[in-house]
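Notes follow once the structure below has been shown.
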Amino acid sequence: MAFFISQSLYFIIPLLIVALAGMFSEKSGTVNIALEGLMVMGAFCGTFFINKMQAVGFLENAPQFLLIIALLLAGIGGALFSSLLGFLAINMRANQVIGGTAINLLAGALAVFLARQFQENHAVQISYNKEAFRFKSDFLADVFPNLNYIFFNQAYLTLYIGIIILIISTIVIYKTRFGSRLSACGEHPEAAQSVGINVYRYRWIGVLFSGFLGGIGGLVYALPISVSFEGTVGGYGFLALAVLIFGQWKPLRVFLAAIFFGLFKALSVTFFAFDWINNIIELLPNVPFGTIFRILPYIATMVVLAISSKSSKAPKASGIPFDFKGR
Amino acid sequence: MSNFNSKIKAYWKKIHKSDGFSALTGALLAIAIGLLVGMVLMIIINPENSMQGIGRLLKGMFNNPRGGWIGLGQMLYRATPIIFTGLAVAFAFKTGLFNIGATGQYTVGIFAALLVGVLGDKLGAFQWIVAVLAGMGAGFIWGAIPGIFKARYNVHEVITSIMFNYIGMYLVNGLLNSNSLKTLVVDGSTNRTVKIDQTARTSYGFFNDLFPNSGLDISILIAIGTAILMYFILNKTVFGRELKSVGLNRDAAKYAGVNEKRSIVLSMAISGMLAGLGGALFILAPSVYNLGTVYPIENVLLNPGFDGIPVALLASSNPIGVIFSTTFVSYIKLAGNSMQGVGFVAEIVEIIIAVIIYFSAFSLIMTQNIGNIKVFIKKFKKKKQKEKPEFKGIDPKAGEK
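The following block contains the structure:
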């Protein structure tokens, strides 16, 4: 069970961060199809930095500090990249789907191109040592071995960063003036403009924040699941978009949606670790359980959506360019 | 004579003002900017070989060692599946839907056609056509699902299509690996599907004489025919107009008597059917040197489904335009491989395509606004004329200098 929860956190946390990234952009009125590309860019910046620094032994004794710097770089990379979307969607009032698609294409191509250009042997893979970042702490190991395994032994710092991002996002959206104004720009920009809010500025902040979180999410996703980054995040940006819609653009519901999807996703790779599932599989040798467990997260999400999504809570002006005519 | 001139002028004005014209000039402008960015990038990273590299980039299909003519055949062969997925995405766009699920529909199309093509020996001469129809049917169903979810349960089509991409891929791979099918359709040593029966493969038609061993078959003609048919349906039939009206304004269409739920489901289903047809024709292709095409059983979403999105966008979702945009993208993709020979990473081509798509979003706006700028200049001139009546007699064109 501890193994299962520990695995599912590797899926839940990046989905949560990237879906929240999408939320900031869509709340402000810009549809962000580019989450996938922002993740790729963030993961590239982060892993490339870790790769180079681990090679020269920089901060060898303080791996968590190195990880924080890498996460910040990933975020900055994502934010810079998202400015391409911001310029197109906000200033040029162009089609946001086209812009997002272009950024996804560009990020994938650029990550592979840069990796091959700046690595020996033109290798696409950027390898890194993830074990250096694992906590491997014995805290509470005697009293609660399972809690220790999940939160202190196998965990990465990224788990806590994800939770901090969730808390901050919730407070920012619901409890601050900035959050209400941001939502106003996505719901009714003309009304926001009429009371003196600079819609362009808020939309820019929304997109840049989205890029920052998306970049961080990319590295958070790439780090625990592999030993190298190969220029793709396997469609997770699109899954995060689905989680965002599933979560109805609300931070806590997005968290629940990420947990829901992440648990099923983890089940598809760890179902053999459960004795009772193994017993069922032995009883029914002709049933293709592997396929069923792989499909389950997607089917379950669709079923829940079909039941719950009669009234969509999407920001009303999301995807509609705002044209300030100075009235 | 002056009558003739004015007719040409009127005709020119009509073309010039049309959406199609601004879409075309916009796309051409975007392509020019994209190529320019690519060239600058190449000069920066490797100035010594840059001229050679740029030459190879522009040569595209002419890089083929067997000559540009064979290169043309190869280019069209590679473009064919993407024309179909591009048409699928474009058709959905035209009806106000974003079909990001073309890759799933393409995959189930491959699967259905594959089953008929390998197991349907008894069909004889009908094996090919049944395989094609099976692929279309599978795509139709897979596309209809997101439509049903949108019409009935109000779930956004993007999320359903994404989910059903994965469901389709895992389901197809799972079925291929299942006990009943594995021994029949999978080659265990390579983990790929076995080749399609010779009788079920698409005919080369006259293309094998025209472009020997380039892989091109009559699928390209089907692709072009489908594009023309889709253009006709969307623009010249009541059915197509209804589908488009739902995309423009769902409530208004409903008020005007269109069954908007049925239209949404049908739009997505037709879009899926096009992607499924692309998958079917891909797997049924006799391929280069008649080796046949196979489907690798890997848990990865297939690329042609996603490649349809940029080509549809570059063509402004015009079905006829998709043929040209796909051909162009295939042209410079062929350059990528041979650019590696002079020390350039092939991904430069992907970067160029991405830049082109990015600027196509811009240029669409720029070209649409050219008209506005002209109106503005005219107004400005009129104001000047009113202020200074003594200039009235002078040819207004003189002011343009």
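Quick mapping for you: the protein sequence lines, in order, are chains A and B.
The opening position of the first sequence corresponds to residue 42 in my numbering, with each subsequent residue numbered one higher.
The opening position of the second sequence corresponds to residue 647 in my numbering, with each subsequent residue numbered one higher.
Ideal placement from N, C-alpha and C gives every residue a C-beta, glycine not left out.
Alpha carbon to alpha carbon, how far is Leu282/A from Ser359/A? Give it in angstroms, no decimals.
Rounded to the nearest angstrom, the two C-alpha atoms are 14 Å apart.
Quick one: what's Phe838/B bridged to in DSSP?
At residue 838/B the sequence reads Arg, which differs from the Phe that was named. The partner list for Arg838/B (beta bridge, DSSP) reads Asp833/B, Pro942/B.
Counting only runs that start and end within the segment 216-249 of chain A, where is the alpha helix (DSSP H) found for 4 or more residues in a row?
Correct list: 218-228, 230-235.
Best match in Trp245/A, Leu337/A, Ile318/A for proximity to Gly127/A [C-alpha to C-alpha]:
Out of Trp245/A, Leu337/A, Ile318/A, the CA that lies nearest to the CA of Gly127/A is found in Trp245/A.
Starting from Gln698/B, trace the alpha helix (DSSP H) both ways and give me its first and last residue.
Gln698/B -> alpha helix (DSSP H) spans 696-705.
Taking a cut of 9 Å between CB atoms, which residues from the segment 327-339 of chain A lie near chain B?
So the close ones are Asn327, Pro329, Gly331, Thr332, Ile333, Arg335, Ile336, Pro338, Tyr339.
Assign Ile167/A to one of three DSSP states: helix, strand, or coil.
DSSP, reduced to helix, strand and coil, places Ile167/A within a strand of the structure shown.
Does the distance from the C-beta atom of Ile910/B to that of Gly989/B stay below 7 Å?
Not closer than 7 Å, so no.
May I have the straight-line CA-CA distance separating Ala921/B from Tyr941/B, to the nearest angstrom?
Between the C-alpha atoms of Ala921/B and Tyr941/B there is a straight-line separation of about 16 Å.
Of all the CB atoms in chain A, is at least one closer than 7 Å to the CB of Ile689/B?
Output row for Ile689/B: interface = no.
Taking one C-beta from the segment 777-790 of chain B and one from the segment 292-309 of chain A each time, how about it: are there three or more such pairs within less than 8 Å?
Using a Cβ-Cβ distance cut-off of 8 Å, the segment 777-790 of chain B and the segment 292-309 of chain A are not in contact, since fewer than three pairs of beta carbons, one from each stretch, lie closer than that value.
If you check the beta carbons only, do Phe730/B and Ser963/B fall under 7 Å apart?
It is not a contact, given that the beta carbons lie outside the stated cut-off.
Starting from the C-beta of Thr845/B, find all residues in its chain whose C-beta is less than 6 Å away, skip the five residues before and the five after it, and write them out in chain order.
Around Thr845/B: Gln773.
Could you name the residues of chain B that Arg157/A contacts, counting a contact when the two beta carbons are closer than 8 Å?
Residues of chain B passing the Cβ test: Val991, Glu993.
Alpha carbon to alpha carbon, how far is Gly706/B from Ala981/B? Give it in angstroms, no decimals.
Approximately 4 Å between the Cα atoms of the pair.
Chain A contacts made by the segment 837-850 of chain B, where a contact means CB separation under 9 Å:
Under the 9 Å Cβ criterion, the segment 837-850 of chain B contributes no residue.
How many Å lie between Pro329/A and Ser824/B at the Cα?
As the crow flies, the alpha-carbon of Pro329/A is around 7 Å from that of Ser824/B.
Using a Cβ-Cβ distance cut-off of 7 Å, determine whether Leu147/A contacts chain E.
The structure shown contains no chain E; the protein chains it does contain are A and B.
Beta-carbon contacts of Val995/B that lie in its chain and below 7 Å, excluding the five residues immediately before and after:
Excluding positions up to five away in sequence, the list reads Ile978, Lys979, Ala981, Gly982.
Using a Cβ-Cβ cut-off of 8 Å (strictly less than) and excluding sequence neighbours within five positions of Lys877/B, which residues of its own chain qualify?
What sits at residue 877/B in the sequence shown is Tyr, not Lys. The residues are Asn964, Pro965, Ile966.
Going along chain B, which residues have a C-beta under 7 Å from Val153/A?
Near Val153/A (Cβ distances below 7 Å), the residues of chain B are Glu993.
Leaving out the 5 sequence neighbours to the left and right, which residues in its chain are closer than 7 Å to Phe667/B when beta-carbon positions are compared?
Taken in chain order, the residues that qualify are Ile661.
Residue burial classification, Gly987/B (beta-carbon count within 10 angstroms, cutoff 16):
Counting Cβ neighbours within 10 Å, Gly987/B comes out exposed, since fewer than 16 surround it.
When you compare the segment 320-329 of chain A with the segment 235-245 of chain A, are there three or more beta-carbon pairs, one atom per stretch, that lie closer than 8 Å?
The segment 320-329 of chain A is not in contact with the segment 235-245 of chain A.
Among Gln195/A, Tyr243/A, Tyr169/A, which one has its Cα closest to the Cα of Asp179/A?
Looking only at Gln195/A, Tyr243/A, Tyr169/A, the smallest Cα-Cα distance to Asp179/A is reached by Gln195/A.
Inter-residue spacing [alpha-carbon to alpha-carbon] between Arg702/B and Glu172/A:
When rounded, the distance between both Cα atoms is 44 Å.
Beta carbon of Pro727/B, beta carbon of Phe928/B: below 7 Å?
Closer than 7 Å, so yes.
Short CB-CB distance (under 7 Å) between Thr142/A and chain B
Under the Cβ distance rule, Thr142/A counts among the residues neighbouring chain B, one pair being separated by less than 7 Å.
Could you tell me whether the Cβ atoms of Ile286/A and Ile805/B are closer together than 7 Å?
Note that the C-beta distance between Ile286/A and Ile805/B is below 7 Å.
Residues of the segment 120-143 of chain A with a CB closer than 8 Å to any CB of chain B: list them in chain order, please.
For the segment 120-143 of chain A, which is checked against every Cβ of chain B, the residues closer than 8 Å are Leu125, Leu129, Met133, Arg134, Ala135, Asn136, Val138, Ile139, Gly140, Thr142, Ala143.
Within the 7 Å Cβ cut-off, does Phe250/A reach chain B?
With a threshold of 7 Å between beta carbons, Phe250/A makes no contact with chain B.
Determine the contact status of Ile866/B and Gly938/B, defining contact as a CB-CB distance below 7 Å.
If you check the CB distance, Ile866/B and Gly938/B do not come in under 7 Å.
Kindly confirm or deny that the segment 82-90 of chain A and the segment 150-160 of chain A touch, where touching means at least three C-beta pairs closer than 8 Å.
The segment 82-90 of chain A, when compared against the segment 150-160 of chain A, does touch it at the 8 Å Cβ threshold.
What are the residues of the segment 282-293 of chain A that lie near chain B, defined by any Cβ-Cβ distance shorter than 8 Å?
Answer set for the segment 282-293 of chain A: Leu282, Ala283, Ile286, Phe287.
Kindly indicate which three-state DSSP category Phe270/A falls into: helix, strand or coil?
Looking at Phe270/A - three-state DSSP - the assignment turns out to be strand.
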